[in-house]
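Colleague:
Residue numbers (my numbering): 2 to 322.
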């Protein structure tokens with residue numbers, strides 16, 4: 002039984018428990034709602050992260066300079082280019098691509114025709130560029146690499162989000178990212194409609210199988226984490242017996258690893274809505290809908306950042322100026 006603390010704030014707590022902490026079911030609902038709100042609010046990556054990426058990418062690609070463009074293009078030659086999609090995509094990284102061109106051709110006229118998060122059909126135009134040929138063509142590959150990779154992550158994420166629409170489950174990403182590109186990769190998953198899991202190891206507590214193996218049991222691992230003063234503790238379980246132990250030991254969340262759909266349904270029943278449950282492992286575009294329909298709150302998918310693949314985007318010359 003629950004009762005409202007205030008008709009204005011609509012915060013609900015269990016009338017039989019501490020009104021300051023709320024009951025477990027209330028906390029679970031609040032967490033799920035918060036995660037859903039986060040997926041709709043997409044903050045841009047830190048500008049310092051973007052600038053470091055551009056610095057490293059241009060140094061990697063240009064080296065001492067673009068020999069081909071310097072030899073074949075006149076110093077004063079100007080061109081007009083259009084960046085366009087060659088397949089349906091969710092746009093990501095367009096502003097970063099813009100900054101690449103701005104770095105090399107500060108006097109170029111560049112017009113963005115779309116924005117991050119937009120769904121564009123095949124042949125949709127992303128950007129028009131007019132400026133010095135040498136500079137723009139020197140930045141072509143770097144700019145395209147960034148927008149193709151990030152749009153690939155966003156687009157693949159969108160496919161998974163669409164696949165579970167209406168189930169109530171929330172798609173989570175993971176830390177399975179290309180080293181050095183995590184913040185940008187997770188930005189792209191948010192554009193695709195997912196919610197970020199932990200950004201770093203200091204961003205949350207997740208007791209995994211190796212922690213449990215060293216501690217000796219789920220119960221002991223949870224006890225040690227609680228004694229350390231850690232809060233919002235999630236624990237990975239790969240059997241229903243471990244789920245029972247985690248519930249009894251006071252886990253705040255449970256990650257159900259590589260369980261069958263029948264086992265997921267049993268875990269949902271065992272939890273009784275007390276804490277959020279996250280399914281993980283063996284998830285692909287063909288299986289995710291059935292997993293979501295078991296009643297789990299979250300589904301984490303490493304594929305969307307680990308092996309999404311780049312989308313097809315081209316930068317083609319309209320005409321010399």
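Just so you know, even glycine gets a beta-carbon here, dropped at the ideal spot from N, CA and C.
Rounded to whole angstroms, what's the CA-CA distance from residue 241 to residue 268? Just pull it up for me.
Modeller: Residue 241 and residue 268: Cα-Cα distance of roughly 7 Å.
Colleague: To the nearest angstrom, how far is the alpha carbon of residue 244 from that of residue 147?
Modeller: One C-alpha to the other measures close to 41 Å.
Colleague: Judging by CA-CA distance, which residue of 231, 247, 191 is the nearest neighbour of residue 218?
Modeller: The option with the nearest alpha carbon to residue 218 is 247.
Colleague: With distances taken Cα to Cα, identify the nearest neighbour of residue 259 among 233, 91, 301.
Modeller: Taking only the C-alpha atoms, the option nearest residue 259 is 301.
Colleague: Which same chain residues, not among the five before or five after residue 203, have their C-beta less than 8 Å away from its C-beta?
Modeller: Excluding positions up to five away in sequence, the list is empty.
Colleague: Count Cβ pairs between the segment 122-135 and the segment 58-65 that sit closer than 8 Å; are there 3 or more?
Modeller: Judged by Cβ distances under 8 Å, the segment 122-135 makes no contact with the segment 58-65, as fewer than three pairs qualify.
Colleague: First and last residue of the alpha helix (DSSP H) that includes residue 104?
Modeller: Residues 95-105.
Colleague: Please name the residue or residues paired with residue 85 in a DSSP beta bridge.
Modeller: According to DSSP, which records beta bridges pairwise, residue 85 is partnered with 126, 315.
Colleague: Curious, which full-length alpha helix (DSSP H) runs of at least 4 residues does the segment 233-303 contain?
Modeller: Complete alpha helix (DSSP H) runs here, min 4: 241-250, 262-272, 289-293.
Colleague: Evaluate the contact criterion for the segment 68-77 versus the segment 217-232: three or more CB pairs, one atom per stretch, below 8 Å.
Modeller: With a cut-off of 8 Å, the segment 217-232 and the segment 68-77 do not count as touching, because too few Cβ pairs lie within range.
Colleague: Less than 8 Å separating the beta-carbons of residue 316 and residue 84?
Modeller: Yes, Cβ-Cβ distance for residue 316 and residue 84 is below 8 Å.
Colleague: Just the C-alpha distance for residue 235 and residue 153, rounded to the nearest angstrom, thanks.
Modeller: One C-alpha to the other measures close to 30 Å.
Colleague: I'd like to confirm the pairing. Which residues does DSSP put opposite residue 132 in its beta bridges?
Modeller: DSSP, once it has assigned bridges, lists 80 as partnering residue 132.
Colleague: Going by other Cβ atoms of all chains shown within 10 Å of its Cβ, with 16 needed for buried, is residue 198 buried or exposed?
Modeller: That one is buried.
Colleague: Quick check: what's the CA-CA separation for residue 238 versus residue 179?
Modeller: Taking the straight line joining both Cα atoms gives about 26 Å.
Colleague: Assuming residue 319 and residue 161 make a contact with CB atoms under 8 Å, what is their CB distance in whole Å?
Modeller: Going by Cβ atoms, the distance from residue 319 to residue 161 rounds to 36 Å, so no, they are not a contact pair.
Colleague: I need the boundaries of the alpha helix (DSSP H) containing residue 111, first residue and last residue.
Modeller: First-last for residue 111: 110-113, but that is the beta strand (DSSP E), not the alpha helix (DSSP H).
Colleague: If you draw a straight line from the alpha carbon of residue 150 to that of residue 105, how long is it in whole angstroms?
Modeller: So the alpha carbons of these two residues sit roughly 21 Å apart.
Colleague: The beta strand (DSSP E) that contains residue 173, what's its start and end?
Modeller: It spans 171-173 - the beta strand (DSSP E) in which residue 173 sits, taken as one unbroken run.
Colleague: Could you pull out every residue in the same chain whose Cβ sits closer than 6 Å to the Cβ of residue 101, ignoring the five residues on either side in sequence?
Modeller: Contacts found: 55, 140, 143, 144.
Colleague: Quick test of your reading: residue 252 and residue 276, contact by CB under 8 Å. State the CB separation rounded to the nearest angstrom.
Modeller: The pair is a contact, with the Cβ atoms about 6 Å apart (cut-off 8 Å).
Colleague: Who are the Cβ neighbours of residue 113 in its own chain at under 8 Å, not counting the five residues just before and after it?
Modeller: Correct list, in chain order: 95, 96, 99, 127, 128.
Colleague: I need the straight-line Cα distance from residue 286 to residue 164, nearest angstrom please.
Modeller: Each residue's Cα considered, the two are about 7 Å apart.
Colleague: Can you check DSSP and say which residues form a bridge with residue 206?
Modeller: Residue 206 is bridged to 234.
Colleague: Could you name the residues of the same chain whose beta carbon sits closer than 6 Å to that of residue 7, not counting the 5 residues immediately before and after it, in chain order?
Modeller: Residue confidence is low: residue 7 scores 32 on pLDDT, short of 50, so the model does not pin down where it sits. No coordinate-derived value is stated.
Colleague: Does DSSP classify residue 196 as helix, strand or coil?
Modeller: Looking at residue 196 - three-state DSSP - the assignment turns out to be strand.
Colleague: Measuring only the C-alpha atoms, how far is residue 293 from residue 224?
Modeller: Straight-line Cα distance between these residues: approximately 30 Å.
Colleague: Under a Cβ-count criterion, where at least 16 other Cβ atoms within 10 Å of its own Cβ denotes burial, should residue 281 be classed as buried or exposed?
Modeller: Buried, since its Cβ has 16 or more Cβ neighbours within 10 Å.
Colleague: What residues in its chain sit with their C-beta under 8 Å from that of residue 103, if we drop five residues either side in the sequence?
Modeller: The residues are 109, 111.
Colleague: Count the other CB atoms, across all protein chains shown, that sit within 10 Å of the CB of residue 191; report buried if there are 16 or more and exposed otherwise.
Modeller: That one is buried.
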